[in-house]
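Quick notes on the structure that follows.
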Amino acid sequence: MPDTMGAELLVQCLIQEEVQFVFGVPGGQICPILDAIRRLGVEAGMQFVMARHEQAAAHMADAYARVTGKPGVCIGTVGPGAADLVPGVYAAWADSIPLVGLTAQNQTWKSYPERGSMQSLDQMGLFAPITKWGARVTNRQRIPELVQRAFRSAVSGRPRPVHLDLHVDVLMDTGDGRDLAFNPVAPARYRADGGPCARAELVEEAARMLVAAERPLIHPGGGVQRSGAWEELRELAEYLSAPVTTSMGACGAIAEDHPLCL
């Protein structure tokens, strides 16, 4: 088996996760990833989409996730590039959108600000408040395991952004594949099949309360859009004769000209 760079292994894992687009802005430390996308990803149907600014790249990944239901992927280089992803990643966090944020980091031995490394930043600390899970990738062998866990976390339970911080020396490291701690597998083998389900007795209790309500009003959120429950929403509103007001995330979940839509 030929030697594979860490960046190539990362792209192979993204291909395994059925990633179509990676949104970002080129930068020194992410060049190995961009080169691997050019050499390996394009043939597999993956494209790097260049934005004018990392914040825009995160919003593009957010929009992709909203439209397709699949996790969006954005990337930023060390320091300012990573910091500029934050507003877009936060928007995805606030609206419960599955997004995978990739950031490059300086070499493992000099990636701490107090060591005087140019643009080094505590990127794990930066993203921790606006992601549901994150990991620093400090060796090539764990790339498949951590990529798989990132995508699983992004779509499990309440969807939200996750973060992987990749050191440039890890991206440049090579091996023949026999040293991997974990081999990539198809997403269907480890991702949750469907969203979380409420306990049947609680659903029945909620139904009784709705039927007994004198003047019910339905105010759905973005979960209706993510689950595609538009018909269920309409049927419930009509059964209860309940007017519907929608949050920003649920706009369009019921036809604007429906008699019960306010």
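One gets the numbering used here by counting positions in the sequence shown from 1 and adding 10 to each.
From the three backbone atoms N, C-alpha and C, an ideal C-beta is built for every residue, glycine too.
Under 8 Å Cβ to Cβ from residue i, same chain only, skipping five residues before and after it: list those, please.
{"i": "Met182", "result": "Met15, Gly16, Ala17, Pro42"}
{"i": "Leu243", "result": "Ile228, Pro230, Val234, Val254, Ala263, Ile264"}
{"i": "Asn149", "result": "Val180, Asp183"}
Just to confirm the assignment, what range does the alpha helix (DSSP H) spanning residue i have?
{"i": "His69", "result": "64–78"}
{"i": "Asp175", "result": "Note, Asp175: premise wrong, no alpha helix (DSSP H); beta strand (DSSP E) at 171–177."}
{"i": "Met219", "result": "210–222"}
{"i": "Val99", "result": "90–104"}
Which one of the options has the shortest CA to CA distance from residue i?
{"i": "Val59", "options": "Val254, Lys80, Gly38, Gly86", "result": "Gly86"}
{"i": "Gln151", "options": "Ile25, Trp143, Leu176", "result": "Leu176"}
{"i": "Cys23", "options": "Ile153, Val147, His268, Pro97", "result": "Ile153"}
{"i": "Gly91", "options": "Glu28, Ala66, Ile140", "result": "Ala66"}
{"i": "Gly79", "options": "Leu44, Leu156, Val29, Gly51", "result": "Val29"}
Within the continuous beta strand (DSSP E) that includes residue i, where are the two ends?
{"i": "Met60", "result": "57–60"}
{"i": "Gly119", "result": "As written in the sequence, residue 119 is Trp, which differs from the Gly given in the question. Looking at the DSSP string, Trp119 is not in any beta strand (DSSP E), and its letter there is neither H nor E."}
Have a look at the DSSP bridge pairing and note the partners of residue i.
{"i": "Ile85", "result": "Gly34, Leu112"}
{"i": "Val21", "result": "Note: Val21 sits in no beta bridge, so no partner."}
{"i": "Val147", "result": "Leu176"}
{"i": "Thr255", "result": "None, per the DSSP bridge assignment."}
{"i": "Ile107", "result": "Answer is none; Ile107 lacks a bridge partner."}
{"i": "Met15", "result": "Thr184"}
{"i": "Cys271", "result": "Val254"}
{"i": "Ile228", "result": "Val254"}
Excluding five sequence neighbours on each side, which residues of the same chain lie with their C-beta closer than 7 Å to the C-beta of residue i?
{"i": "Pro226", "result": "Leu220, Leu250, Ala252"}
{"i": "Ala101", "result": "His69, Asp72"}
{"i": "Ile47", "result": "Val21, Val32, Met56, Phe58"}
{"i": "Ser163", "result": "Lys142, Trp143, Val172"}
{"i": "Arg76", "result": "Ile107"}
{"i": "Asp94", "result": "His63, Glu64, Gln65, Gly86"}
Give me, in chain order, the residues of the same chain whose beta-carbon lies closer than 6 Å to that of residue i; leave out the 5 immediate sequence neighbours on both sides.
{"i": "Leu112", "result": "Ile85, Leu174"}
{"i": "Arg168", "result": "Ser106"}
{"i": "Arg146", "result": "Met134, Asp175"}
How about residue i: is its Cβ closer than 7 Å to a heavy atom in the ligand COA?
{"i": "His63", "result": "Of the ligands one can find in the structure shown there are none, so the ligand COA has no counterpart to examine."}
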